[in-house]
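Numbering of the sequence shown is given in our numbering, commencing with residue 1 and proceeding in unit increments. These notes concern the structure reproduced below.
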Amino acid sequence: MSTIGLKLQIFIAFAYTYHYLNWFSKTKVINWHQVSKSRLYGAIAIWLGSVALYLYDYKIGLAVLFFFSVLHVFLEFPLNHLSFVGIYKEIKNRIIPPK
């Protein structure tokens, strides 16, 4: 494997690890641990559909799921903003305690 390929894999591994740790840190905001059974079954159905799409045609599955991956990133921006605001307030309160 080339040096560039290895560095790219390291970056992708970091990005995924950061993403999932960040996701788990937002449990109170998202309430994903309190998801209803209908939403859980819906998520499982979407996952099974994704796997089926890959089995049907790998290139189409890759293109469709890449689109949804990018869409997922853009739809997370408001949540990331909310997280940054919360972090800022916490740091500010530690530096300058409220009176």
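Positions of the beta carbon are idealized from the N, C-alpha and C atoms, including for glycine.
- Could you have a look at Pro97 and say whether DSSP puts it in helix, strand or coil? coil
- Whole beta strand (DSSP E) elements within the stretch 30 to 74, 3-residue minimum: none
- Query: What number of angstroms, rounded off, separates the C-alpha of Leu75 from the C-alpha of Ser83?
  - Reply: 14 Å
- Message: Using C-beta distances below 7 Å, list every residue in its chain close to Val64, excluding the 5 sequence neighbours before and after it, in chain order.
- Response: Within the same chain, Leu53 come within 7 Å of Val64 by CB-CB distance, once the 5 residues on both sides are set aside.
- How long is the line joining the alpha carbons of Trp23 and Arg39, rounded to whole angstroms? 18 Å
- Task: Locate the alpha helix (DSSP H) running through Lys7, then write down its first and last residues.
- Result: Thr3 to Ser25
- 7 Å Cβ shell around Ile44 - same chain, five flanking residues per side excluded: Nothing listed; no residue qualifies.
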